[in-house]
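Taking it in order: structure first as structure tokens, then the write-up.
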Amino acid sequence: MHAPSLPDRSIEGYAAVTSHDRLERLRELAAALEDVRILHLNSTATGGGVAELLRSIVPVCDDLGIDTDWLVMDADDDFFEVTKAIHNGLQGNGPRLTSAMKSTYRETAERNAAELDAEYDVVVVHDPQPLGMLERLADAMPDASILWRCHVDLTDPDDAYLAFVSEYMDRVDHAIFSRSVYGAEIDAPTKSVIHPSIDPLAPKNRSLDEETIAAECDRLDPLSFETPVVSQVSRFDPWKDQFGTLAVFRRAREAIPELQLALVGGMAGDDPEGIELYERVAAEAVDDPDVHVLTDLPDTTVNVLQRCSDVVVQKSLREGFGLVVSEALWKQTPVVGSNVGGIPLQVEDGRNGYLVEPDDVEGAADRVVSLLENETRRTTFGANAREHVRDRFLLSRQLEELLETFVEARDLEC
Ligand code: UDP
Numbered sequence: 043m044h045a046p047s048l049p050d051r052s053i054e055g056y057a058a059v060t061s062h063d064r065l066e067r068l069r070e071l072a073a074a075l076e077d078v079r080i081l082h083l084n085s086t087a088t089g090g091g092v093a094e095l096l097r098s099i100v101p102v103c104d105d106l107g108i109d110t111d112w113l114v115m116d117a118d119d120d121f122f123e124v125t126k127a128i129h130n131g132l133q134g135n136g137p138r139l140t141s142a143m144k145s146t147y148r149e150t151a152e153r154n155a156a157e158l159d160a161e162y163d164v165v166v167v168h169d170p171q172p173l174g175m176l177e178r179l180a181d182a183m184p185d186a187s188i189l190w191r192c193h194v195d196l197t198d199p200d201d202a203y204l205a206f207v208s209e210y211m212d213r214v215d216h217a218i219f220s221r222s223v224y225g226a227e228i229d230a231p232t233k234s235v236i237h238p239s240i241d242p243l244a245p246k247n248r249s250l251d252e253e254t255i256a257a258e259c260d261r262l263d264p265l266s267f268e269t270p271v272v273s274q275v276s277r278f279d280p281w282k283d284q285f286g287t288l289a290v291f292r293r294a295r296e297a298i299p300e301l302q303l304a305l306v307g308g309m310a311g312d313d314p315e316g317i318e319l320y321e322r323v324a325a326e327a328v329d330d331p332d333v334h335v336l337t338d339l340p341d342t343t344v345n346v347l348q349r350c351s352d353v354v355v356q357k358s359l360r361e362g363f364g365l366v367v368s369e370a371l372w373k374q375t376p377v378v379g380s381n382v383g384g385i386p387l388q389v390e391d392g393r394n395g396y397l398v399e400p401d402d403v404e405g406a407a408d409r410v411v412s413l414l415e416n417e418t419r420r421t422t423f424g425a426n427a428r429e430h431v432r433d434r435f436l437l438s439r440q441l442e443e444l445l446e447t448f449v450e451a452r453d454l455e456c
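Here's what the structure looks like:
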């Protein structure tokens, strides 16, 4: 297990985007949690939404005076092959789950659990990867409250994978889902819903001066914002449907010949499918100078791309939440997204973007074109988008709900 390095964050920094009442409430909750030690466990420090969330939540909790650690599992490719299969199976398309896969999973999880030497009062297990640590963890910390935070889209899971994860639920005190429908088939003692959020102070989301924007635009050359740009920022993952986005782009280009597409993807440390899919997408686009397939961009460059794109597309087939949607909306860029998972929580059809069915390439292309052809609508949608994210998907709201959950788990007064 290892502890990732974290940025500095101060709760005061959020005053401009957080109501006075909410800041006060956060301080009250933090005071109630004064003697509570909290541990977050997951399987990657970089790439993907969970790492993105913890990179902000953990330092802010520390600043509030809550003793919070984040530990990341150490594992090899065999383990991550299995856990990606579990992720895919829970989202409804996994390979056959074999006993060899289960053994690989359990051995790595137990080896990581054996390395834990400190004691905690609350342990938050993110996603399925660390669930295999729970037996040892419950023995080592019998008084700890164990929370499972599931970020996966559980709309239609494969039975074998649902059963596998369910085996661990008798070790869990409380399960947290990103939408209530995801928890329907999970038998945890208590359950709640907390929507994820973006950090407005993170380099990926903060406001930027004109000089920085211009420098980052240069970095993206030969992509040019002189002609319309559509982009999608996502791990290279079959669920993110980069090939579908490419098809939407090609159709939209029939109406707008100078259109460009940026397909940006990072490689999450716990996702072995990334490289292969990246290579396939890059090969498909190699002869098309208006398609830019980019990897591992710095956060400020992602910020500029989301900010300067005319339309962002999120053509996922399943999507636990999809932080990238709020990231784009916060920067006042309308989003055309699939009507799956967490996307409809964020995209308000006809107000800040459009929702389309995940297999509707033609419908998505029509929506992209109608936005590209109407600057006034893009501006109105962009203003609505920022307000929607300000109301519902910023860090302080999520933090309040999370701290309330910890207070309840420890049966504290607040
Ligand atoms: N991300 C990034 N660079 C990339 C691709 C993704 O920084 O090339 C970030 C993205 O900005 C977001 C996170 O990774 O903060 C992805 O989270 P999301 O919830 O959208 O999807 P997940 O990867 O967790 O399925």
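Per our numbering, the sequence shown starts with residue 43, numbered consecutively.
Using N, Cα and C, we set each Cβ at its ideal position, and we do this for glycine too.
All values derive from a computational prediction rather than experimental measurement.
- According to the DSSP assignment, Asp263 belongs to no alpha helix (DSSP H), since it is labelled neither H nor E.
- By the criterion of at least three beta-carbon pairs nearer than 8 Å, the region 332-344 is not in contact with the region 136-148.
- Spatial neighbours of Thr110 in its own chain (CB-CB distance under 6 Å, excluding positions within 5 residues in sequence) are listed in chain order as Ile80, Val100, Cys103 and Asp104.
- Leu139 sits in coil when the DSSP states are folded into three classes, being neither helix nor strand.
- Note on Asn416: under 16 other CB atoms within 10 angstroms of its CB, so exposed under the neighbour-count rule.
- Taking the C-beta atoms as reference points, Trp372 is found nearer than 8 Å to Ile240.
- Around the Cβ of Pro340, a 10 Å sphere holds fewer than 16 other Cβ atoms; the residue is exposed.
- For Leu106, the closest C-alpha among the options Gly364, Ala297, Arg277 and Gly55 is that of Gly55.
- In the DSSP assignment, the residues bridged to Asn84 are Val114.
- Counted as a single uninterrupted DSSP element, the alpha helix (DSSP H) harbouring Val124 occupies residues Asp119 to Leu132.
- Bounds of the beta strand (DSSP E) holding Ile218 are His216 to Phe219.
- Around the Cβ of Thr421, a 10 Å sphere holds fewer than 16 other Cβ atoms; the residue is exposed.
- In this structure, Glu369 keeps its C-beta atom at 8 Å or more from the C-beta atom of Asn381.
- Tyr320 and Arg69 have their C-alpha atoms some 44 Å from each other.
- Across the structure, Val275 and Val165 are spaced so that their CA atoms are roughly 31 Å apart.
- Under the three-state reduction of DSSP, Lys282 is assigned to helix.
- When DSSP states are grouped into helix, strand and coil, Ser187 belongs to the strand group.
- Of the residues Leu365, Gly316 and Glu253, the one whose Cα lies closest to the Cα of Ala93 is Leu365.
- Boundaries for Gly174: no alpha helix (DSSP H) harbours it, and the DSSP string shows neither H nor E there.
- Sixteen is the threshold: when 16 or more other Cβ atoms of the shown chains lie within 10 Å of the Cβ of Ser98, as they do, the residue is buried.
- The residue among Glu66, Gly383, Phe219 and Val377 with its C-alpha nearest the C-alpha of Arg428 is Val377.
- Spanning the alpha carbons of Ala72 and Ala244 requires a straight line of approximately 22 Å.
- When the beta-carbon positions are compared, Gln171 and Asp312 come within less than 8 Å of each other.
- Gly174 places its beta carbon less than 8 Å from that of Arg148.
- Distance from the Cα of Val306 is smallest, within the candidate group Thr337, Gly362 and Arg434, for Thr337.
- Looking at Leu75, Gly89, His193 and Tyr162, the one whose alpha-carbon comes closest to that of Gly308 is Gly89.
- Looking at Glu300, Asn135, Asp120 and Ser47, the one whose alpha-carbon comes closest to that of Trp281 is Asn135.
- Just measuring C-alpha positions, the residue of Ala186, Asp185 and Cys192 sitting nearest His168 is Cys192.
- Under the DSSP definition of a beta bridge, Ile108 lacks any partner.
- DSSP, read as helix, strand or coil, puts Ile228 in coil.
- Placement of the Cβ of Glu94 at a distance of less than 7 Å from at least one heavy atom of the ligand UDP is found.
- For Ala407, the closest of Gly225, Val389, Lys357 and Ala324 by C-alpha to C-alpha distance is Lys357.
- Closer than 7 Å to some heavy atom of the ligand UDP: that describes the Cβ of Asp341.
- Ser351 counts as buried, since no fewer than 16 other beta carbons sit within 10 angstroms of its beta carbon.
- Using a Cβ distance threshold of 8 Å, Lys233 and Ala217 count as a contacting pair.
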